[in-house]
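Visitor: Take the sequence shown: its position 113, counted from the start at 1, is 113 in the UniProt record's numbering, and no numbers get skipped.
Backbone N, C-alpha and C fix where the C-beta goes; we use that ideal spot for every residue, glycine too.
Treat the numbers as computed from the prediction; the structure is a model and nothing was measured.
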Amino acid sequence: MRSRSINGTGLVVAGLVATLAALLFPLWSYEDRSGTTLDRLNAETVSTDFGPLSALDREFITKVRLAGLWELPAGQQAEERGTTKAVRTAGEHLVEGHTFLDARVREVAARLSLELPSQPNPQQRGWLAELSAAHGQTYDEDFANILRRAHGKVFSVVAEVRASTRNSLVRALADDANTTVLDHIKVLEKTGLVDFDGLARDAATGQAPATRSPAPPGPTATPSPAAPVTPSPTFSLPPAASRPKPDK
1 MRSRSINGTG LVVAGLVATL AALLFPLWSY EDRSGTTLDR LNAETVSTDF
51 GPLSALDREF ITKVRLAGLW ELPAGQQAEE RGTTKAVRTA GEHLVEGHTF
101 LDARVREVAA RLSLELPSQP NPQQRGWLAE LSAAHGQTYD EDFANILRRA
151 HGKVFSVVAE VRASTRNSLV RALADDANTT VLDHIKVLEK TGLVDFDGLA
201 RDAATGQAPA TRSPAPPGPT ATPSPAAPVT PSPTFSLPPA ASRPKPDK
């Protein structure tokens, strides 16, 4: 009887050991498999005189440029069509902030030999079209909420890049972007039109990570120089580049 008990106990222990080994094997073997996050970081990172330049760094630089390509004309439109002083002030901050930030991103891209986009992406063009079709109070509300939502998403990217980049130029650009984006978030919220409940719902329903786009290409031998951001043909030219004005 005792022998049977010992044998039974041995089988249970053996089963547990086998189960544990099956669970641990993928963890042990994963470290040696290609395609891990660290592998991708190494594969997509290039060396520069200013430190390693990762795929996330390049994506960040591209996004800073894209932000200026649509937010600057949106700001100019708000200066002209906003029905309240707060909305017009927010538009002024967007114009001045992105004029400054675009000059910075073009400087960084030139020093890193990176190509920059010259047109907003389809989603951004859609936002501009939506704003152009709105009028009166509806325009004010759409402007405040579309821009506030976009800035909130960019803000999280800036924080991620600033915390992880090993490139000194990208680090400095992230500092400038952080200052500019936070200024824009605050001035948009001062319009009193931001739907904070809607922002919270968007954040709660957007927890699943989006598929990351392919990394922008690395440095090239002869990148095309990026032209400064220009407004939509219906708007006047922006003022000279300057840092965002402090709140009064």
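Run through the segment 159-219 for me and flag every whole alpha helix (DSSP H) of 4 or more residues, listed as ranges in chain order.
Guide: Whole alpha helix (DSSP H) segments, 4+ residues: 168-189 and 196-205.
Visitor: Pick helix, strand or coil for residue 53, following the three-state DSSP scheme.
Guide: Note: residue 53 maps to strand in three-state DSSP.
Visitor: What's the C-alpha gap between residue 90 and residue 76?
Guide: Distance between the alpha carbons of residue 90 and residue 76 is about 10 Å.
Visitor: Do residue 95 and residue 61 have their CB atoms nearer than 8 Å?
Guide: Their beta carbons are not under 8 Å apart, which means residue 95 does not touch residue 61 by this criterion.
Visitor: Enumerate, from N- to C-terminal direction, the unbroken alpha helix (DSSP H) stretches of 4 or more residues contained entirely within the segment 78-115.
Guide: As far as the segment 78-115 is concerned, its whole alpha helix (DSSP H) runs of at least 4 residues are 85-111.
Visitor: Sort 64, 128, 139 and 74 by Cα distance to residue 108 and report the nearest one.
Guide: Ranking the options by Cα distance to residue 108, first place goes to 64.
Visitor: Would residue 174 pass as a contact of residue 154 if the rule is Cβ separation under 8 Å?
Guide: In this structure, residue 154 does not lie closer than 8 Å to residue 174 by Cβ.
Visitor: Considering only residues of the same chain and omitting the five flanking positions on each side of residue 276, which have a CB-CB separation below 6 Å?
Guide: The shown model of the chain, from 1 to 248, leaves out residue 276, and the question about it has no answer.
Visitor: Counting pairs of beta carbons, one from the segment 131-150 and one from the segment 190-206, are three or more of them closer than 8 Å?
Guide: Flag = yes, the segment 131-150 and the segment 190-206 touch.
Visitor: Quick check on the burial criterion: 16 or more other C-beta atoms within 10 angstroms. Buried or exposed for residue 85?
Guide: Exposed is the call here.
Visitor: List the endpoints of the continuous alpha helix (DSSP H) containing residue 122.
Guide: First-last of the alpha helix (DSSP H) with residue 122: 122-133.
Visitor: Can you find the residues in the same chain that come closer than 6 Å, C-beta to C-beta, to residue 195, ignoring five residues on each side of it along the sequence?
Guide: Hits under 6 Å: 145.
Visitor: Would you call residue 205 buried or exposed, if buried means 16 or more other Cβ atoms sit within 10 Å of its Cβ?
Guide: Residue 205 is exposed by the Cβ-count criterion.
Visitor: So residue 112 and residue 48 are in contact, right, with Cβ under 8 Å, and what is the actual spacing, rounded?
Guide: That pair is a contact at about 6 Å.
Visitor: Please report the straight-line C-alpha distance between residue 50 and residue 170, rounded to a whole angstrom.
Guide: One C-alpha to the other measures close to 9 Å.
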